[in-house]
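Okay, so here's the structure we're looking at.
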Amino acid sequence: MLRRIAKENWSVSSPMIQPQSIKYELADKQQAITAGGFGTMLQLTKQLELRRKINQAIPLFKFHLPYDEADHVLNISMNLLPVAVALNILKTDVATKPI
17 MLRRIAKENW SVSSPMIQPQ SIKYELADKQ QAITAGGFGT MLQLTKQLEL RRKINQAIPL
77 FKFHLPYDEA DHVLNISMNL LPVAVALNIL KTDVATKPI
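Under our numbering, the first residue of the sequence shown is numbered 17, with each subsequent residue one higher.
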């Protein structure tokens with residue numbers, strides 16, 4: 017185990033969830049997934065320094081290789097985003113249709 021966690025064997029950097037750059041293009045006829053906005057969420061996370069705040073608030077891992085606490089928290093929240101969008105669409109459909 018000591019060989020596996022030795023610093024000379026560290027080959028990946030943390031954080032794992034870090035996009036290089038995000039560019040948005042708008043067109044007259046646009047098709048996109050309904051749970052879009054991941055890029056915006058990641059940019060907001062970066063601007064608010066949320067990753068650092070999450071890692072400070074949840075000191076769980078001894079080593080951040082390759083994942084840190086924020087990677088896990090952001091993974092869960094990003095997986096819940098499409099569910100929230102779908103539930104909102106269902107709620108809107110139910111509210112607008114007569115019984």
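Virtual Cβ for every residue (Gly too), placed ideally from N, Cα, C.
Which residue comes first and which comes last in the alpha helix (DSSP H) that contains L18? As a working note, residue 18 is residue 2 in the sequence shown. Where L18 is concerned, there is no enclosing alpha helix (DSSP H), given that its DSSP letter is neither H nor E.
When DSSP labels each residue in this structure, what does K107 get in the three-state scheme? Numbered from its first residue, the sequence shown carries residue 107 at position 91. K107: helix per DSSP, three-state reduction.
May I ask which residues mark the beginning and end of the alpha helix (DSSP H) holding I70? If you number the sequence shown from 1, residue 70 lands on position 54. Looking at the DSSP string, the run of the alpha helix (DSSP H) that includes I70 is 66–73.
By the DSSP assignment, the alpha helix (DSSP H) with F54 in it spans what residues? For this step, residue 54 is matched to residue 38 along the sequence shown. From DSSP, the alpha helix (DSSP H) with F54 extends over 54–63.
Relative to the C-alpha of A100, which residue among T61, Q72, G53 is closest? Along the sequence shown, read from residue 1 onward, the residue named residue 100 stands at position 84. Taking only the C-alpha atoms, the option nearest A100 is G53.
Going straight from the alpha carbon of Q72 to that of T56, what length do you get? As a first step, residue 72 is located in the sequence shown; it is residue number 56 there, counting from the start. As a first step, residue 56 is located in the sequence shown; it is residue number 40 there, counting from the start. Their Cα atoms are separated by approximately 23 Å.
With a threshold of 8 Å on Cβ separation, who are the neighbours of F77 within its own chain once the five nearest residues in sequence on each side are excluded? Here residue 77 refers to the residue found at position 61 of the sequence shown. Result list for F77: Y83, D84, E85, in chain order.
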